[in-house]
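Residue numbers (our numbering): 1339 to 1832.
For reference, the structure is listed below as structure tokens.
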RNA sequence: GGCCCGUUGGUGAAGCGGUAAACACACCAGCCUUUCACGCUGGCAUGCAGGGGUUCGAAUCCCCUACGGGUCACCA
């Protein structure tokens, strides 16, 4: 087989979408698996919808995910330019060729005329399809239209009675009839090509061997097949990947509010790129064994189109979260902490340039929660007992604090606190022992009141670590304050 | 509506003519733990959309029906 060359061809009309990212990933994986090249080409022919900077942002997100390209607008390559709007002369050349060969024609219909035709067909119960009434205009007729000021587009002459067949790498043999396809526009009046034309010319010229794209393009394929043939280009292999559905089983629409679907948003929530890559690889594709945690590197080894499903994939956010948690657990603490800082900062928990000591302290706080984080942003809520100024006691905590033995325990603990200056986990342990000895309380009777008094809640990470990190001053203040306000706080609990 | 595509437990998802129909998420229970979380162990569901075929044998092949989806643009 010739070198495998694949491409991802986004239009710069928005953010990088989950579906787009997956298509890009599959394309990347296939190319890399076979030692080939992955190309990113920008389909910017819809100039009305293009958004300034969107292409750059999408590419930045791809890079963030670890999907790197061999050829594109930024790094160049032997088959550039890689932005459609910079390839105008190329399209023109091929359109002219088709025109000269009688395989395409200037079409003078107006939008109003087309709409009227469409309505009439619909009224007759027919499938709307361009009639091709202006296929064979005489030079006089054309001159007349030109004189009226009509600027023609160029349409492709779809041959009659032709069966179009191709073997999709995922869906197998797919058959269409040319009679179901009307003459379609390949070049707009202003010279910009349409997608179905540009994509063929570009893929052929860029020597793309495998076209991987979403299933919504399946029915575009026969049109493209026609163009490949008319231009004498070699037809690449096609692979139409299944759609991605939301939890309701509907296609993810860009306006769908029920699901987060742009890569940027996941990045902002504190998802790790490895987790996203791993997860979207599993959208429509399944590995052979039972393992399902894979690095990008591993994926390039084991990915194959044969194992891509035909059925639509449902985007299961719960599983994504779980997977992200898996990666957070495995990540080095420093990395998790570095990712957590911005969230804590935004929440007002920490100041901006962190002093080295403070940074170390916050890192230790993060370490207490690393194993249970599924989204880095959760750190704010989880760790708030470390940053809270005023204590708020949960109902459960109040109940614990209402216990008979509590005042004694707290007094004993406070006494211990006054004797130390620096706290570490071992020391806290020793203090607990001492309190136990003095009060005779142990186990939950001992630990729960202290936890409740110090953190305000009855659940949380290791108590010794928590107290050590909180520091003697804060812990003392909290316990003292609780003792001072004990009756008020618990009046409705007794 | 025409043309295409799909349909496996609560969810995701293996399976490609002969399995007790994987596995994962979720959930439940036990263990671990001063609590929570993590982790481990076990359980769970009683699922191959329905109906016809083909076959000794069908989730796997064929047909029909139902349901879901995609597409029919001077958008990609």
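Glycine included, each C-beta is placed from N, C-alpha and C at the ideal position.
Source: prediction; values computed, not measured.
Suppose contacts are defined by Cβ-Cβ distances below 8 Å. Is residue i in contact with residue j by that definition?
| i | j | result |
| --- | --- | --- |
| residue 1582 | residue 1590 | yes |
| residue 1793 | residue 1579 | no |
| residue 1773 | residue 1806 | no |
| residue 1704 | residue 1675 | yes |
| residue 1621 | residue 1367 | no |
| residue 1527 | residue 1491 | yes |
| residue 1380 | residue 1407 | no |
| residue 1383 | residue 1536 | yes |
| residue 1808 | residue 1789 | no |
| residue 1511 | residue 1505 | yes |
| residue 1599 | residue 1356 | yes |
| residue 1721 | residue 1707 | yes |
| residue 1643 | residue 1508 | yes |
| residue 1342 | residue 1359 | no |
| residue 1730 | residue 1655 | no |
| residue 1530 | residue 1351 | no |
| residue 1669 | residue 1723 | no |
| residue 1588 | residue 1402 | no |
| residue 1814 | residue 1755 | yes |
Suppose you measure from the CA of residue i to the CA of residue j; what does that come to, to the nearest Å?
| i | j | result |
| --- | --- | --- |
| residue 1603 | residue 1344 | 27 Å |
| residue 1450 | residue 1615 | 46 Å |
| residue 1741 | residue 1748 | 11 Å |
| residue 1435 | residue 1569 | 8 Å |
| residue 1472 | residue 1480 | 9 Å |
| residue 1565 | residue 1612 | 39 Å |
| residue 1457 | residue 1474 | 23 Å |
| residue 1647 | residue 1728 | 54 Å |
| residue 1460 | residue 1624 | 43 Å |
| residue 1426 | residue 1666 | 47 Å |
| residue 1763 | residue 1658 | 35 Å |
| residue 1520 | residue 1567 | 17 Å |
| residue 1371 | residue 1340 | 14 Å |
| residue 1417 | residue 1671 | 44 Å |
| residue 1652 | residue 1825 | 54 Å |
| residue 1571 | residue 1494 | 16 Å |
| residue 1365 | residue 1550 | 6 Å |
| residue 1348 | residue 1696 | 44 Å |
| residue 1515 | residue 1499 | 7 Å |
| residue 1618 | residue 1795 | 37 Å |
| residue 1395 | residue 1607 | 17 Å |
| residue 1483 | residue 1443 | 14 Å |
| residue 1626 | residue 1393 | 35 Å |
| residue 1701 | residue 1419 | 47 Å |
Quick one: residues in its chain with C-beta nearer than 8 Å to the C-beta of residue i, no 5 flanking neighbours on either side, listed in chain order?
| i | result |
| --- | --- |
| residue 1818 | 1752 |
| residue 1412 | 1397 |
| residue 1783 | 1741, 1743 and 1747 |
| residue 1522 | 1468, 1493, 1494, 1496, 1532, 1534 and 1561 |
| residue 1465 | 1459 and 1518 |
Take residue i and list the residues in its own chain whose beta-carbon comes closer than 7 Å to its own, dropping the five residues that flank it on each side.
| i | result |
| --- | --- |
| residue 1539 | 1428, 1429 and 1432 |
| residue 1758 | 1765 and 1810 |
| residue 1678 | 1704, 1714 and 1717 |
| residue 1787 | 1738, 1739, 1741, 1744, 1747 and 1748 |
| residue 1455 | 1469 |
| residue 1574 | 1541, 1546, 1547, 1548 and 1549 |
| residue 1629 | none |
With a 10 Å radius around its C-beta and 16 neighbouring C-beta atoms as the bar for buried, classify residue i as buried or exposed.
| i | result |
| --- | --- |
| residue 1501 | exposed |
| residue 1441 | buried |
| residue 1548 | buried |
| residue 1649 | exposed |
| residue 1816 | buried |
| residue 1711 | buried |
| residue 1673 | exposed |
| residue 1691 | exposed |
| residue 1799 | buried |
| residue 1645 | exposed |
| residue 1633 | exposed |
| residue 1524 | buried |
| residue 1503 | exposed |
| residue 1663 | buried |
Spatial neighbours of residue i within its chain, please: CB distance less than 6 Å, with the 5 preceding and 5 following residues excluded, ordered by chain position.
| i | result |
| --- | --- |
| residue 1725 | 1687 |
| residue 1553 | 1578, 1580 and 1581 |
| residue 1423 | 1382 |
Would you check whether the ligand FMN has a heavy atom nearer than 7 Å to the C-beta of residue i?
| i | result |
| --- | --- |
| residue 1519 | Summarising the ligand content, the structure contains no ligands, and the ligand FMN is consequently not present. |
Query raised in the report: Whole alpha helix (DSSP H) runs in the region 1626-1708 with 4 or more residues, listed along the chain?
Result: 1634-1640, 1655-1668, 1671-1684 and 1694-1707
Requested in this report: Please go through the region 1730-1768 and give each complete alpha helix (DSSP H) segment of 4 or more residues, from N-terminal end onward.
Outcome: 1733-1739 and 1744-1756
Query - Any beta strand (DSSP E) of 3 or more consecutive residues that is wholly inside the region 1511-1579 - result: Whole beta strand (DSSP E) segments, 3+ residues: 1523-1525, 1548-1552 and 1575-1579.
Report task. At 3 residues or longer, and completely inside the region 1356-1438: list those beta strand (DSSP E) runs for me, N to C. Result -> Runs found: 1375-1378.
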